[in-house]
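**Q** Dropping the structure in here first, questions after.
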Amino acid sequence: MRHPLRRKLPLLALLLAVAFISLGISLMTGSVDIAPGELWSLLWQNHGSTHYRIIHELRLPRTLSGFAVGGVLALAGLLMQALLRNPLADPYILGVSGGAAVAVLGAMLLGLPFAWQAPMAFGGALASILLLFGLAHSGNWDTNRLLLTGVVLAAGWSALISFVLSLSPPVQLPGMLFWLMGDLSDALSPALPLGVLALGLLASLWLAPTLNLALLGPARAASLGVRIQRLHIFIYLLASLLTAAAVSIAGAIGFIGLISPHMLRLVAGNDHRILVPGSVLLGGSLLVLADTAARTLIAPMQLPVGVLTALLGVPLFLFLLNRGMPGRMP
Amino acid sequence: MTPLLSTQTLSLQIGATQVCRELDLEIAPGQCWGILGPNGAGKTTLLHTLAGLHPGDAGRILYGDRRLPDIHPRELAKLRGVLFQNEPQSLPGTLFESVLAGRHPHLGRLGWETPLDLKLARQAIQATGLQGLEERSVHTLSGGERQRMEIAMLLAQAPGLGMLDEPSNHLDPDQQILMLRLLKDRFTQYRRALIMVLHDINLAMRFCDHLLLLKGNGQQLMGPAGEIATEENIQWLYQHPVSLLKTEGTACFYFL
Chain C
1 MRHPLRRKLP LLALLLAVAF ISLGISLMTG SVDIAPGELW SLLWQNHGST HYRIIHELRL
61 PRTLSGFAVG GVLALAGLLM QALLRNPLAD PYILGVSGGA AVAVLGAMLL GLPFAWQAPM
121 AFGGALASIL LLFGLAHSGN WDTNRLLLTG VVLAAGWSAL ISFVLSLSPP VQLPGMLFWL
181 MGDLSDALSP ALPLGVLALG LLASLWLAPT LNLALLGPAR AASLGVRIQR LHIFIYLLAS
241 LLTAAAVSIA GAIGFIGLIS PHMLRLVAGN DHRILVPGSV LLGGSLLVLA DTAARTLIAP
301 MQLPVGVLTA LLGVPLFLFL LNRGMPGRMP
Chain G
1001 MTPLLSTQTL SLQIGATQVC RELDLEIAPG QCWGILGPNG AGKTTLLHTL AGLHPGDAGR
1061 ILYGDRRLPD IHPRELAKLR GVLFQNEPQS LPGTLFESVL AGRHPHLGRL GWETPLDLKL
1121 ARQAIQATGL QGLEERSVHT LSGGERQRME IAMLLAQAPG LGMLDEPSNH LDPDQQILML
1181 RLLKDRFTQY RRALIMVLHD INLAMRFCDH LLLLKGNGQQ LMGPAGEIAT EENIQWLYQH
1241 PVSLLKTEGT ACFYFL
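From first to last, the protein sequence lines stand for chains C and G. The first sequence maps to residues 1 to 330 in this note's numbering. The second sequence maps to residues 1001 to 1256 in this note's numbering.
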């Protein structure tokens, strides 16, 4: 008898192809267009040309960072949805990016050097995570309580963000707004995000069979041999750390974490052994394509990529919602 | 013969309800126990406590001769399986995936199902009469189909002790009999046993050889069904007049 997941393997192959095509499109498109053949030789040989430098110093790092951040966001969204057993969950809804934003904007307002931004974002996200954990974790994991506390916390951060913005001198506002909307133009060292992605992917793949059981409800999962309390804490920390890392690299990019697992569930079902790698490939591809559009749509000006993910994400999400979600709320 | 499950002076309280007091229960292989009691007496909580999903207040619970806290959750999942009453699935997959999830305690480190696991899941689906619905999404199933799917999950899990919470829920009268007969057949052979919470005293009369009556105020009665199921005891349990009707070979309670 064939394993039911064997039928889903072509889908993963397709997503892998989509990912490579997205990376290719992103590398070829920009202020100068580079043909596929040239791109191939530029990737492997140093001609010392301007094109070589454009690819290796600008587009390749940014594209790879974008892919990694997209993959990390999709993974974090998928994990949060499994934790809260709610298809609408997303780390952003829980206020993680809000905490990061308040910390970064505060640092900008105080005139701290640029190098402080990423650590501040990470610290802010972690602080928000711990605050949520402290406020919502009362003995057991009530997913409604966690979700509601997160939503309220996010509203609080948003008020603080407005407060900081209204205090800030006008010269600083554009930088702050770009950060708030999510931006990859400073993400030029892909090693860190790719490392985070690799670690997150490995941990999630290892967790995948257990995540499937977690969706069956806590008591049932426990009756089938899952240490559910420990699993919940682990998923929560993993998803939060992934979000914190993504936010500190690229600012607050929304919708990737919500949309990617969703689109995949429509065609791939609910098995996390497919959803984990699939979401990473889809999230990465989506963010790379959105960033390519953000760089080129109104060139030479650049849009913050978060604007595009939201512009694309909202109609896409509404479409999916109306099409009838595969995982309806209980 | 060592009992599959035993309790020593188990006491359990939820809120103001004393579910049981110093309960010494012994479930031997081959037995089929029924737990009866009025609404809110804590039948489900007791079942979950026996399954190790809810802490007891005092006393011990043993599987064989090992205490409950000393058993690894994964191993426990081979010793006992639970049929839940209200455990909603969110983001549900297909019926086949759900039944296959029952095999989880038997999988290797990587959590990958072998052909044997797939075969056992298919057999469980056939035994519950759900063949043809394998690829249906769980949320499109009717209440009765859902309940039979839950039973198939438990059959696929194949634990030593089946712990059923209201197994006849949502089932048509004929399916109630078929499913209980199936469960009893599977769980009273090969050194297995069954314990179930039931609302219907007559289903309990028909399938259970031992009964545990929980009054919900710390009073409890237990023993062989023939000794426990008297008019007097059932009237005491539900605070309602009842008469036992006997016809050739069968007996049934009629609530007046």
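Each residue gets a CB set at the ideal place from its N, CA and C atoms; glycine is no exception.
Determine whether the Cβ of C/Phe234 lies closer than 8 Å to any Cβ atom of chain G.
**A** For this step, residue 234 of chain C is matched to residue 234 along the first sequence. No, because no Cβ of chain G sits closer than 8 Å to the Cβ of C/Phe234.
**Q** Quick one: using the 10 Å Cβ neighbour count with 16 as the cut-off for buried, is C/Ala208 buried or exposed?
**A** Mapped onto the first sequence, residue 208 of chain C falls at position 208. With 16 or more other Cβ atoms within 10 Å, it is buried.
**Q** Pull out every residue of the region 209-233 of chain C whose Cβ sits closer than 8 Å to any Cβ of chain G, in chain order.
**A** Per Cβ criterion, the list reads Pro209, Thr210, Asn212, Leu213, Leu215, Leu216, Gly217, Ala219, Arg220, Ala222, Ser223, Leu224, Gly225, Val226, Arg227.
**Q** Quick check: does the Cβ of G/Leu1178 come within less than 7 Å of any heavy atom belonging to the ligand HEM?
**A** Annotation note on the ligand HEM: not contained in the displayed structure, which lists no ligands.
**Q** So with CB distances below 8 Å, who are the chain G contacts of C/Asn270?
**A** Reading the first sequence from its first residue, position 270 is the one you call residue 270 of chain C. Leu1091, Pro1092, Gly1093, Glu1097, listed in chain order.
**Q** Measure the beta-carbon distance from G/Cys1032 to G/Thr1250 and round it to whole angstroms, keeping in mind my assumption that it falls under 8 Å.
**A** Position 32 of the second sequence, counting from 1, holds the residue named residue 1032 of chain G. Position 250 of the second sequence, counting from 1, holds the residue named residue 1250 of chain G. The Cβ separation is near 17 Å, so there is no contact.
**Q** Using a Cβ-Cβ cut-off of 7 Å (strictly less than) and excluding sequence neighbours within five positions of G/Tyr1238, which residues of its own chain qualify?
**A** As a working note, residue 1238 of chain G is residue 238 in the second sequence. Excluding positions up to five away in sequence, the list reads Pro1038.
**Q** Which residue from C/Ile21, C/Val104, C/Asn322, C/Val151 puts its Cα closest to that of C/Val282?
**A** Against the first sequence, residue 282 of chain C aligns to sequence position 282. It should be noted that the sequence gives Leu, not Val, for residue 282 of chain C. The option with the nearest alpha carbon to C/Leu282 is C/Ile21.
**Q** Take C/Thr296 and list the residues in its own chain whose beta-carbon comes closer than 7 Å to its own, dropping the five residues that flank it on each side.
**A** Your numbering for residue 296 of chain C matches position 296 in the first sequence. The answer, listed in chain order, is Thr29, Gly30.
**Q** Can you give me the C-alpha to C-alpha distance between C/Gly257 and G/Thr1044, rounded to a whole angstrom?
**A** Within the first sequence, the letter at position 257 stands for residue 257 of chain C. Within the second sequence, the letter at position 44 stands for residue 1044 of chain G. Taking the straight line joining both Cα atoms gives about 38 Å.
**Q** Let's test the definition: count the other Cβ atoms within 10 Å of the Cβ of C/Arg328 and tell me whether it reaches 16, buried, or not, exposed.
**A** As a first step, residue 328 of chain C is located in the first sequence; it is residue number 328 there, counting from the start. Interpretation of C/Arg328 is limited by its pLDDT of 43, a score under 50 that renders its predicted location unreliable; the figure taken from the coordinates is listed afterwards. Looking at its Cβ environment, which holds fewer than 16 other Cβ atoms inside 10 Å, C/Arg328 is exposed.
**Q** Return no unless some Cβ of chain G is closer than 8 Å to the Cβ of C/Pro36.
**A** The residue you call residue 36 of chain C lines up with position 36 of the first sequence. Taking Cβ atoms only, chain G never reaches closer than 8 Å to C/Pro36, which makes this a no.
**Q** Is it the case that the region 1118-1135 of chain G contacts the region 1092-1108 of chain G, given that we only count it when at least three CB pairs across the two stretches are under 8 Å?
**A** Yes: at least three Cβ pairs fall under 8 Å.
**Q** Give me whichever residues DSSP pairs with G/Gly1223 in a beta bridge.
**A** As a position in the second sequence, residue 1223 of chain G is number 223, starting the count at 1. BP columns for G/Gly1223 point to G/Leu1211.
**Q** Please list the partners that G/Leu1053 has in chain C, where partner means a Cβ-to-Cβ separation under 8 Å.
**A** Within the second sequence, numbered from 1, the residue matching residue 1053 of chain G stands at position 53. Within chain C, the residues near G/Leu1053 are Ala219, Ala222, Ser223.
**Q** Please list the segments of the alpha helix (DSSP H) lying wholly inside the region 116-184 of chain C, counting only runs of 4 or more residues, in order along the chain.
**A** Runs of the alpha helix (DSSP H) inside the region 116-184 of chain C: 117-136, 143-167, 173-181.
**Q** In whole angstroms, give me the CA-to-CA distance for G/Gly1081 and C/Leu146.
**A** On the second sequence, position 81 is the one that residue 1081 of chain G refers to. On the first sequence, position 146 is the one that residue 146 of chain C refers to. Whole-angstrom Cα-Cα distance: 29 Å.
**Q** Beta-carbon within less than 7 Å of G/Thr1247's beta-carbon, same chain only, minus the 5 sequence neighbours each way: which residues are those?
**A** On the second sequence, position 247 is the one that residue 1247 of chain G refers to. Excluding positions up to five away in sequence, the list is empty.
**Q** Could one say the Cβ of C/Pro4 lies closer than 8 Å to chain G's Cβ atoms, at least one of them?
**A** Walking along the first sequence from the start, residue 4 of chain C turns up at place 4. With 8 Å as the cut-off, C/Pro4 counts as an interface residue toward chain G.
**Q** Is G/Thr1009 helix, strand or coil when you go by DSSP?
**A** Working through the second sequence from its first residue, we reach residue 1009 of chain G at position 9. It is a strand residue.
**Q** Say whether chain A places a C-beta atom closer than 8 Å to the C-beta of G/His1104.
**A** Here chain A cannot be found, since the structure's protein chains are C and G.
**Q** Name the chain C residues whose beta carbon is nearer than 9 Å to that of G/Leu1004?
**A** Looking up residue 1004 of chain G in the second sequence gives position 4. Near G/Leu1004 there are no residues of chain C at all, since even the closest Cβ is about 16 Å away, more than 9 Å.
**Q** According to DSSP, simplified to helix, strand and coil, what is G/Gly1034?
**A** Along the second sequence, read from residue 1 onward, the residue named residue 1034 of chain G stands at position 34. G/Gly1034: strand per DSSP, three-state reduction.
**Q** How is G/Ser1137 classed by DSSP in three states: helix, strand or coil?
**A** Counted from its first residue, the second sequence places residue 1137 of chain G at position 137. Correct three-state label for G/Ser1137: strand.
**Q** Going by the CB atoms, is the gap between G/Leu1004 and G/Ile1035 shorter than 8 Å?
**A** Within the second sequence, the letter at position 35 stands for residue 1035 of chain G. Within the second sequence, the letter at position 4 stands for residue 1004 of chain G. Not in contact: G/Ile1035 and G/Leu1004 (Cβ atoms no closer than 8 Å).
**Q** Which of the three DSSP states, helix, strand or coil, is assigned to G/Phe1253?
**A** Here residue 1253 of chain G refers to the residue found at position 253 of the second sequence. In this structure, G/Phe1253 counts as strand in the three-state DSSP scheme.
**Q** DSSP beta-bridge partners for G/Asn1217?
**A** In the second sequence, the residue the question calls residue 1217 of chain G occupies position 217. In the DSSP output, where bridge partners are listed per residue, G/Asn1217 has G/Gln1018.
**Q** At a CB-CB cut-off below 7 Å, which residues of chain C make contact with G/Ala1229?
**A** Mapped onto the second sequence, residue 1229 of chain G falls at position 229. Result: empty, since nearest Cβ-Cβ is about 29 Å, beyond 7 Å.
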